[in-house]
Structures are given as C-alpha cells and as structure tokens.
Amino acid sequence: MRNVDLEKVTPMMRQYLETKKNYEDAILFYRLGDFYEMFFDDAITASKELDLALTGRGGGLDDKIPMCGIPHHVFKNYLSKLIDKGYKVAICDQVEDPKLAKGIVKREVTKVVTPGTFTDTDYIEAGSNNFMTSLYVRDNSVSITYVDYSTGMLLSTSKVFLNEGSRDEYIDLIVSKISPKEVVINSDAERYFDKSVLKNYINEKNIEEIKNKEYLKHLSSELKDELLNSKYRENISLEILLNYLSNVSKTKLNHIVKIADINLEQKMILDENSMRNLEILKGLNSNRKSGSLLEVLDYTKTSMGQRLLRRWIEEPLLNVDEIKKRQDYVEEFKSDFILLDDVRSILSSIIDMERQMVKISDNEINPNEFNALKGSLASVMELKSYLEGSNFKNLNEISYELKPLYNIIEEIDSMIVEDAPVKTVDVKFIKDGYNEELDELFRLSKDGKKFLIDLEAKEKEETGIKNLKIKYNKILGYFIEVTKSALDMVPERYIRKQTLVGSERFFTIELKEMESKILNAHDEANSLQLKLYDNLIENFKKYTSLLLEVSEIVSRIDVLQGLAKSAIENRFIRPELNEDNTIIIKDGRHPIVEFKNRDDSFIPNDTILDMDKNLIHIITGPNMAGKSTYMRQIALIVIMAQIGSFVPAKSCNIGIVDRIFTRIGASDNLSKGESTFMVEMKEVANILKNATDKSLIILDEVGRGTSTFDGMSIAWSIVEYISENIGAKTVFATHYHELSKIEETYKNVSNLNIKVKKDGEEIIFLRKIVEGWTDNSYGIDVAKLAGIDEKVTKRAEEILKSLEKTKDLNVKVKKDVVFEKSLFDVKRDNFIDDLKKLDPDSLTPREALDLVYEIKKKSGELND
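The opening position of the sequence shown corresponds to residue 1 in UniProt numbering, with each subsequent residue numbered one higher.
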C-alpha cells in the first residue's frame with residue numbers, strides 16, 4: 001500500500017489506515033453505511049478477483065485513492081469467492097450506532113476469515129472436512145496438529161522424534177491425507193506444502209510469546225481443562241494453532257471441546273499413491289467422487305455421516321474386534337429392511353448439527369436455523385426411541401448412548417415462533433407470552449402503524465385532499481405530504497416541515513406525539529428481542545459438548561446404516577477376518593467397475609494370498625484383459641473389509657493388512673527434474689523400505705520405463721527381494737514373461753495369467769484368472785482393437801513372425817514402409833563376425849527384438 005500522510009486525509013480514511021496497519025496480509029472489508037468498501041491495493045486486487053468496478057476517492061484527477069465496494073447484505077457471496085482463491089479477509093464493522101456517534105463512527109475488526117476458518121454452509125462442501133494444519137519441525141522433531149474449524153474436530157500429536165527419511169514420510173502421509181487449505185508453520189516446515197495452500201509463518205520469538213497462554217481465555221472450558229491436565233501441555237503445534245484461531249475468530253472457541261490423537265499405528269496406512277491409484281475418494285478420470293470407492297459406499301443421509309464415512313475409508317482399522325463390532329451393526333441393519341428404511345427416513349431430516357454448533361459459537365445462528373436445530377434434535381429422539389424398540393442387541397446399545405434432549409428442544413420451542421424468519425430485525429420472531437414487556441412493545445409498534453393508516457384516512461376526509469399521504473424517513477420522521485396543487489386546502493393546524501419542488505411536507509401535534517410512541521416502541525422492541533435472543537445463544541453454548549457428542553453418534557449410525565444399504569444394493573457379503581496373514585476371496589468382484597457398469601455382467605475371480613506358496617503372484621497376459629482390475633479389486637476388498645463394510649464376493653476371509661502399497665501407471669515430476677522412470681523407482685524404493693510381512697503390495701508393469709534388459713533385471717530383483725527380505729503378500733502384473741521362471745526357484749512365488757480366446761483374427765478377453773503363465777501379450781491384436789492403421793498392424797505381424805523364427809533374425813525391410821536399406825547391409829568384417837557368434841536358439845523373442853534395435857544402431861554408426 002502506498003505511503004499516505006495521515007495529516008492530509010479525512011478522519012474516516014485515517015481510521016481505515018490505522019486499522020489496515022494491523023492486517024497487512026488480509027483484504028480489509030471496511031463498513032461504510034450499507035457497503036463494505038476496499039481501498040488502495042485491496043481495491044485493485046478485489047476488483048480484479050471479483051470483477052468489480054474500480055473507482056477513486058478524494059485527491060485530484062490523477063491522485064485518487066483506488067476504491068471498490070460491495071453491498072453488505074450480499075457480502076458473503078463475494079467473501080466466499082476470495083476465500084476460494086486463497087485470500088484472507090478482515091471484516092471491519094461499525095460497532096456503535098451511527099445515530100449516537102459523536103464524530104466518526106467507531107469501527108473495529110470483528111472477524112478474520114481465512115480458507116481454514118471459513119464456515120458458511122452455503123459455500124463449503126457439506127460432505128467434506130475443511131482442514132487447517134499447524135506444523136512445527138525442528139531438526140528431527142515433529143509436532144503436528146490439524147483442525148476442521150467448521151465442525152470443531154481437532155487432532156494432534158505430541159512431539160515425535162524421527163530420522164530425516166521417516167520424518168518426511170510421516171509428515172507427507174498426514175498432509176496428503178488431510179489436504180489442508182491453510183497452514184501455520186515455521187520456516188523448516190514450508191517445503192511440505194505447495195503454492196495452493198495459504199501459509200502463515202511463525203518464528204521462535206512468536207512461539208515464546210504464545211507460551212504465555214493468552215489464547216487460553218478464548219477456549220471452551222472443556223478444552224482448557226484438557227490442555228492444562230494432559231500430554232498436550234507442551235505441544236508446540238497445538239499451541240500455535242489455538243493461538244492463531246483465537247486471534248482470527250475474535251470469539252471464544254466454544255465449539256472445540258476435545259482433542260483426538262493422530263495415531264498412524266492404529267490404522268491401515270494408505271499413502272497418496274494408493275489413495276489415487278485405487279480411486280479411494282476420487283475417480284482417476286473424474287478427479288471427484290464419481291468413479292470412486294466412496295461413491296460405491298456412500299448411502300449416508302446426513303452431511304455429518306458423509307464426512308465420517310470419508311474418514312473411515314481413509315483409515316481402515318487394524319483391530320479385529322473393532323471391525324467385527326462395525327460388521328455386527330451393518331448385519332443388523334441389513335437383516336431388517338423395514339427398520340433400515342425407517343432409520344434412513346429419520347436421518348434425512350437431521351441437519352448438519354456440527355456446523356450449526358459453530359454458528360452458535362460465533363453468534364451467527366439465525367432464528368430459522370434454531371428451529372431447524374430443534375427439528376433435528378426431535379428427530380434424534382425419534383431415532384433413539386426407534387432403535388431402543390428394535391430387536392437387535394447392538395442397535396439397542398447405540399441408542400442408549402443418545403442422551404435425552406427434551407429440555408433443550410423445549411428451550412427453543414418455548415421461545416421461537418414456528419415460521420421463524422432468517423433476519424432478526426424489524427420482525428417479531430419470539431413467541432407471544434414469552435416476555436410480557438416485549439409483547440407490549442410490539443403491540444404498541446403494531447397499533448401505531450394502524451393509527452397512521454386511520455389518521456391518513458381521517459385527514460383526507462376532513463381536508464378533502466384526496467392525494468394526501470402520511471410518510472416516513474429517517475431524517476424527518478413521520479410527516480404529511482401534500483402536492484402543490486392542493487396547498488390552498490391545507491388547514492391552519494398543519495405545521496410546515498419541508499418544501500419540495502412539487503409538494504410541501506407538514507406535521508401536526510397529534511402526529512408528533514404518536515411518532516415518539518411508535519418509534520420508541522419499534523426500537524425498544526427490536527432491542528429487547530435481540531437481547532433475549534442473544535441470551536438464548538449464550539445459554540446454548542453450555543450444550544456444545546453434549547450436542548457434538550450426539551452429532552458423533554448420529555454420524556456413526558448414519559455410516560453403519562449406509563454400509564448396510566450399500567451391501568443390499570450391491571450384493572455384498574460379510575467377510576470373515578483372520579490373524580493368519582491369509583487372504584482368501586471366492587468370486588471376488590471389483591466394486592467400482594461393477595457399480596459403474598451395472599448393466600454388464602462382471603466376471604468374478606478367486607484370490608489366494610498366504611505366507612506359503614501363494615505369497616507372491618506374477619500375472620502375465622495381454623493388455624486390456626483385466627490384470628489391473630483384478631489387482632485393484634483385491635486391494636479394494638481388503639480396504640472394505642477393514643473399515644467394517646461388506647464386500648463384493650461369494651465368500652471372503654481377510655488377514656489384517658497394515659499397509660497397502662501400489663505402483664501403477666506412469667507419471668513424472670518434471671518440476672523436480674524427475675522422469676517417469678525416476679518417479680517409478682522412487683515409489684518402488686518407498687515400498688521396499690516400508691513394507692512389512694503384514695502389507696499388501698500391488699505392482700503393475702514395474703521396470704517398463706527403461707531398456708528391456710534393465711527393466712527385466714530390476715523387476716526380477718524386486719520379486720526376489722520381497723520374497724527373501726520382506727515376505728509381503730504381493731501381486732505383480734508384467735509383460736516380462738521371463739519372470740515366470742522365478743517360480744522354479746522361489747517356492748513362495750506362483751504364476752497366474754488371464755485367459756484369452758483367439759477366434760481367427762479376433763481376440764476375446766475372458767477376464768478369468770488361471771494358474772500358469774503365457775508368453776503372448778497379444779499386443780498387435782490390442783493395437784487393432786485400438787484402431788491403429790491396418791498397414792501398421794500388418795507390418796508389425798510380419799516383423800513379429802520374422803523375430804519368432806529363432807534361426808532367422810534377418811528382418812526383410814519393406815522400403816516403402818519404414819527403412820531405406822537392410823539392417824544387415826554392413827561391410828565391416830568385425831561386425832559380421834559378431835553376428836556369426838550369435839546363438840539364435842538361446843534368444844527369447846524380446847531379446848531378439850532388442851538385438852534388432854542394437855543392430856540398427858550399429859549399422860548407422862558404421863555407415864557414418
């Protein structure tokens with residue numbers, strides 16, 4: 001912002017500049033009457049981002065202050081757009097009545113809104129969390145905390161000590177899982193976040209200041225007690241985050257009442273690659289929920305349930321007893337269709353109570369939303385009664401967790417009218433009989449308006465002035481308006497108030513006396529009603545902990561019934577669980593492929609993975625035949641089983657898996673100078689470093705990014721390493737048919753392949769996994785299916801036939817298609833001698849093809 005001489009600006013602009021000094025990193029919304037105005041660089045930025053007209057204020061023609069504004073009653077629409085673009089916005093409001101102000105109206109920043117603290121439910125995604133993270137890294141220590149301010153969910157770790165490699169993986173796992181919109185970090189933590197995340201920096205001096213615990217006065221009593229009496233007492237990232245939130249929110253953080261542990265050891269770890277490759281939350285093609293496992297399982301009816309389901313899917317359980325408990329709930333819901341449908345109907349009437357509690361904490365809930373909360377609490381009580389009366393032990397138990405809420409419901413019902421408005425000014429929304437003084441004031445205000453209507457009719461009749469009007473404005477109050485053409489009919493008792501071009505304005509003693517009563521009653525009624533309403537909000541803050549607990553239980557019920565509904569709709573069965581490290585799936589199906597192609601019959605396949613001869617499967621077969629689908633379905637079925645879901649199979653017995661690793665597809669990281677093959681090798685390195693004998697590894701075409709011999713050697717060595725050093729259950733799809741020979745040496749490696757039927761020139765994919773291997777990838781047939789020009793595929797067939805004749809590697813080149821001369825048209829004796837030494841019978845087709853390329857390269861060098 002340009003330097004401005006404060007002595008030469010207006011008092012209002014001086015007030016603006018003094019306020020802006022404390023919020024240099026934010027766009028300042030400065031309230032002026034009915035508008036929020038922005039000035040200087042803020043105006044230039046906002047006008048561009050919000051497509052607003054940029055104007056000027058004060059100064060000469062060439063020295064105007066850039067300025068733009070938005071109407072205050074629609075400011076949230078503009079605010080949401082700035083927040084979505086990653087900006088921080090400070091809201092500066094008028095904090096005194098302009099009519100009572102002596103001099104310039106007092107203003108102050110009442111709230112700072114950021115991407116991590118934005119809570120407007122009209123603009124944030126209902127079924128997703130909106131996370132903010134605090135990360136403090138110093139040498140080998142890590143402290144990390146994250147919060148969803150919009151729901152009050154807070155998770156943290158105590159200080160963790162790790163070596164550099166483990167530290168980076170630990171942080172990356174958490175950061176990639178929560179995808180924060182905003183972070184508070186020290187400089188050592190900056191590299192873990194990309195440019196799309198809003199960053200707030202903290203230094204050691206700031207941390208020392210934070211340790212004076214000033215932020216504690218903004219916390220709920222429950223959270224304060226937990227901080228002062230727990231292991232989180234000296235958690236730097238937690239202190240940093242709570243201090244930042246208290247400064248931003250400008251209010252007490254009543255809706256944050258407890259801290260949960262970030263504990264990776266108790267959940268299956270799914271890293272970013274696995275989440276993406278397996279399409280856990282987003283489809284690869286859609287980059288959204290469509291085409292994902294989340295879409296298959298999401299039959300929830302509440303926003304709270306949607307968010308909890310996402311967390312369950314991201315964090316499958318490791319504890320068998322906990323998984324079985326979830327299965328029991330799903331089984332009970334699934335076994336009674338009528339009960340399930342009734343529960344779903346009740347849940348559909350429950351609003352997002354977590355986010356309503358944030359509105360109460362921030363004093364932003366309106367009367368209509370209070371009524372919606374009342375209706376939801378009544379539905380919760382209906383749900384409790386319904387589950388209590390069921391014939392199922394587990395559903396009875398969960399109903400007992402829901403505490404009675406009738407007194408809370410009555411508190412709202414006794415005060416707020418049924419058809420409550422959204423606004424709280426100029427309309428009565430508190431029930432008659434709740435407060436006698438309020439009723440009397442509104443009666444006076446209402447009767448006064450009737451008096452004015454009657455007075456206008458009486459004056460018209462007495463004066464004979466038919467177009468006489470009684471009007472009101474804020475400056476003059478109430479007055480009688482008469483046009484110039486009727487001035488000769490105005491009686492002497494009318495006292496002139498104002499002269500206009502076409503009319504005169506008057507008042508009478510009677511009108512003046514009534515004006516005082518009407519205006520005072522109106523203002524006093526509004527003031528008293530707002531005071532009573534504020535008392536209701538403050539009183540409700542004491543229920544925060546209880547209502548958030550109720551929200552959590554309702555969310556759990558919603559997810560469990562949703563999993564039951566998914567099982568019914570998608571023909572899933574209850575899997576068994578074991579601790580023998582064995583995965584046995586009979587007629588397994590890919591849940592996402594089947595869900596998206598309901599009209600097509602899905603070919604099921606069996607799976608056996610154990611710690612003996614079926615530890616590692618090497619799968620060969622053509623592209624398009626279903627290798628990747630088969631491998632992914634194994635991983636997805638395991639994930640579904642460990643979140644407590646039923647699975648797509650005829651029968652299933654799952655040994656608990658601690659991590660799932662995937663190396664699928666090709667991608668690069670050019671910004672870091674990493675090729676596709678380098679990225680692939682780094683992913684494999686991560687797998688070999690972190691996999692255990694409890695892990696499941698999915699490898700698809702590892703080694704294809706380099707030359708044939710290099711790639712095959714790496715792939716071969718990887719299989720051997722997993723077999724000898726890790727002992728992880730592994731499924732490895734490859735076109736290196738030579739890897740099938742590993743089975744002869746390693747008894748825990750077995751070969752599988754995809755059945756294919758060749759009918760004349762047509763290839764038919766049977767999608768069936770069988771034992772054994774194949775040395776035919778049917779690449780040319782797949783090329784034909786893809787629509788490659790017939791000239792190319794026919795020529796490829798000629799070359800392939802020549803290469804497969806092990807005694808004749810001499811490919812006869814067609815001059816009009818590819819080459820200008822024969823590969824063997826070489827004159828040098830030593831090169832001919834090399835060729836004579838070759839033993840064609842010892843070469844595989846792939847080795848022969850590599851040799852052809854080498855001959856071509858050498859022939860070019862010799863002819864040069």
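Glycine included, every Cβ here is placed at the ideal spot set by N, Cα and C.
* **Top-ranked residue by Cα proximity to ILE585, from GLY389, ALA567, ILE654** => Position 585 of the sequence shown, counting from 1, holds the residue named residue 585. With distances taken between CA atoms, ILE585 lies nearest to ILE654 out of GLY389, ALA567, ILE654.
* To do: Please name the residue, chosen from THR582, GLU579, THR607, that lies closest to ARG589 on a Cα-to-Cα basis.
  => For the purposes of this step, residue 589 is taken as the residue at position 589 of the sequence shown. Per the Cα distances, THR607.
* Coil, strand or helix - PRO71 by DSSP -> Translated into positions along the sequence shown, residue 71 becomes position 71. Of the three classes helix, strand and coil, the one that applies to PRO71 here is strand, per DSSP.
* **Run of the beta strand (DSSP E) containing LYS586, from where it starts to where it stops** => Working through the sequence shown from its first residue, we reach residue 586 at position 586. Per DSSP, LYS586 belongs to the beta strand (DSSP E) from 583-588.
* Measure from the alpha carbon of GLU411 to the alpha carbon of each residue in PHE506, ILE185, TYR533, then state which is nearest. => Here residue 411 corresponds to residue number 411 of the sequence shown, with the count starting at 1. Ranking PHE506, ILE185, TYR533 by Cα distance to GLU411 puts TYR533 first.
* Exposed or buried, SER671, counting other C-beta atoms within 10 Å across all chains shown (16 or more means buried)? -> The residue given as residue 671 occupies position 671 in the sequence shown. Because SER671 carries a pLDDT of 46, less than 50, the predicted location of this residue cannot be relied on, and the following value inherits that uncertainty. With fewer than 16 other Cβ atoms within 10 Å, it is exposed.
* **Host alpha helix (DSSP H) of GLY477 (start-end)** => Stepping through the sequence shown from its first residue, residue 477 is reached at position 477. Here GLY477 belongs to no alpha helix (DSSP H); instead the beta strand (DSSP E) covers 477-483.
* To do: Say whether the stretch 591-610 touches the stretch 703-715, bearing in mind that this needs 3 or more beta-carbon pairs closer than 8 Å, one atom from each stretch.
  => no
* Taking the alpha-carbon positions, what's the GLU164 to ASN140 distance? -> Looking up residue 164 in the sequence shown gives position 164. Looking up residue 140 in the sequence shown gives position 140. Those two C-alpha atoms are separated by around 6 Å.
* **Same chain only: Cβ atoms within 7 Å of GLU778, ignoring 5 sequence neighbours per side** => The residue you call residue 778 lines up with position 778 of the sequence shown. Note that residue 778 is Tyr in the sequence shown, not Glu. If you ignore the 5 residues before and after TYR778, its C-beta comes within less than 7 Å of the C-beta of PRO622, VAL756, ILE763, all in its own chain and listed in chain order.
* **Presumed contact (8 Å Cβ cut-off) between PHE442 and PRO367, rounded CB distance** => Locating residue 442 in the sequence shown gives position 442, where the first residue counts as 1. Locating residue 367 in the sequence shown gives position 367, where the first residue counts as 1. About 15 Å; that fails the 8 Å criterion.
* Would you check if the distance between the CB atom of ILE144 and the CB atom of LEU135 is smaller than 8 Å? => Locating residue 144 in the sequence shown gives position 144, where the first residue counts as 1. Locating residue 135 in the sequence shown gives position 135, where the first residue counts as 1. Their beta carbons are under 8 Å apart, which means ILE144 touches LEU135 by this criterion.
* **Distance CB(VAL175)-CB(ASN200) smaller than 8 Å** => Locating residue 175 in the sequence shown gives position 175, counting from the first residue. Locating residue 200 in the sequence shown gives position 200, counting from the first residue. No, they are not a contact pair.
* Compare the beta carbon distance of GLN642 and LEU317 with 8 Å and say whether it is the shorter of the two. => Counted from its first residue, the sequence shown places residue 642 at position 642. Counted from its first residue, the sequence shown places residue 317 at position 317. Contact: yes.
* Could you name each continuous alpha helix (DSSP H) segment of 4 residues or more that falls completely within the stretch 568-638, going from the start of the chain to the end? => 591-596
* ALA372: beta carbon under 7 Å from a heavy atom of the ligand ZN? -> The ligand ZN is absent from the structure shown, which contains no ligands of any kind.
* By Cβ distance below 7 Å, which residues in the same chain neighbour LYS815 in space, the five residues on each side in sequence not counted? -> Locating residue 815 in the sequence shown gives position 815, where the first residue counts as 1. Legend: pLDDT at LYS815 = 38, less than 50; position of this residue unreliable, no value from coordinates given.
* Beta-carbon proximity list for LEU560, same chain, < 7 Å, skipping 5 on both sides -> Walking along the sequence shown from the start, residue 560 turns up at place 560. Only ARG326, TYR329, VAL330, PHE333 meet the Cβ criterion.
* Asked: Distance, Cα to Cα, LYS449 vs ILE518?
  -> Mapped onto the sequence shown, residue 449 falls at position 449. Mapped onto the sequence shown, residue 518 falls at position 518. Roughly 8 Å separates the two Cα atoms.
* **Same chain only: Cβ atoms within 7 Å of LEU61, ignoring 5 sequence neighbours per side** => Numbered from its first residue, the sequence shown carries residue 61 at position 61. In this prediction, LEU61 scores a pLDDT of 37, lower than 50, which makes its location untrustworthy; no coordinate-derived value is stated.
* Using three-state DSSP, classify ARG138 as helix, strand or coil. => The residue given as residue 138 occupies position 138 in the sequence shown. DSSP places ARG138 in strand when its eight states are reduced to three.
* Asked: For PHE161, does the three-state DSSP call read helix, strand or coil?
  -> Taking the first residue of the sequence shown as 1, we reach residue 161 at position 161. Reduced to three states, the DSSP call for PHE161 is strand.
* **Element boundaries [beta strand (DSSP E), containing residue 867]** => What the structure shows of the chain is the stretch from 1 to 864, and residue 867 is not part of that stretch, so it cannot be assessed.
* If you run the structure through DSSP and keep just helix, strand and coil, what is THR806? -> Residue mapping note: residue 806 aligns to position 806 of the sequence shown, counting from 1. Confidence at THR806 is low in this model, with a pLDDT of 46, below 50, so the placement of that residue should be treated as unreliable; the coordinate-derived value is given next. Coil at THR806, not helix or strand.
* Out of PHE540, LEU752, ILE259, point me to the one whose CA is closest to residue 865's CA. => No answer is possible for residue 865: the residues shown for the chain start at 1 and end at 864.
* Asked: Could you give the C-beta distance for LEU293 and ILE592, rounded to a whole number, given that I count them as a contact under 8 Å?
  -> Within the sequence shown, the letter at position 293 stands for residue 293. Within the sequence shown, the letter at position 592 stands for residue 592. So it is a contact: roughly 6 Å between Cβ atoms.
* **Pairwise C-alpha distance: ILE660 and ALA635** => Counting from 1 along the sequence shown, the entry for residue 635 is found at position 635. Counting from 1 along the sequence shown, the entry for residue 660 is found at position 660. Each residue's alpha carbon lies about 7 Å from the other.
* Asked: Considering only the beta carbon of each residue, do ILE537 and ILE408 sit closer than 8 Å?
  -> One-based indexing of the sequence shown puts residue 537 at position 537. One-based indexing of the sequence shown puts residue 408 at position 408. No, the Cβ-Cβ distance between ILE537 and ILE408 is not below 8 Å.
* Proximity winner among LYS81, ILE65, ILE202, ARG107, relative to LEU32 (alpha-carbon distances) -> Here residue 32 refers to the residue found at position 32 of the sequence shown. Nearest in C-alpha terms to LEU32, of all of LYS81, ILE65, ILE202, ARG107, is ARG107.
* Could you give the distance in angstroms between the alpha-carbon of ILE262 and the alpha-carbon of VAL147? -> Mapped onto the sequence shown, residue 262 falls at position 262. Mapped onto the sequence shown, residue 147 falls at position 147. Their backbone Cα atoms lie some 11 Å apart in a straight line.
* Around the Cβ of GLN266, are there at least 16 other Cβ atoms within 10 angstroms (buried) or fewer (exposed)? -> Position 266 of the sequence shown, counted from the start, is the residue given in the question as residue 266. GLN266 should be labelled exposed.
* If you run the structure through DSSP and keep just helix, strand and coil, what is LYS747? -> Sequence index remark: in the sequence shown, residue 747 carries index 747 (1-based). LYS747 falls in the coil class under three-state DSSP.
* To do: Please work out which residues of its chain come closer than 7 Å, Cβ to Cβ, to ALA567, disregarding the five sequence neighbours upstream and downstream, and give them in chain order.
  => Along the sequence shown, one-based indexing puts residue 567 at 567. VAL330, LYS334, PHE646, listed in sequence order.
* Can you give me the Cβ contacts of residue 868 inside the same chain, cut-off strictly under 6 Å, excluding the 5 residues immediately before and after it? => Residue 868 is absent from the structure shown; the chain starts at 1 and stops at 864.
* At which residues does the alpha helix (DSSP H) containing THR45 begin and terminate? -> Here residue 45 corresponds to residue number 45 of the sequence shown, with the count starting at 1. Start and end: 40-50.
* To do: Would you tell me roughly how many angstroms separate the C-alpha atoms of MET729 and TYR630, rounded to the nearest one?
  => Numbered from its first residue, the sequence shown carries residue 729 at position 729. Numbered from its first residue, the sequence shown carries residue 630 at position 630. The residue you asked about is not Met; residue 729 is Lys in the sequence shown. Answer to the nearest angstrom: the Cα atoms are 15 Å apart.
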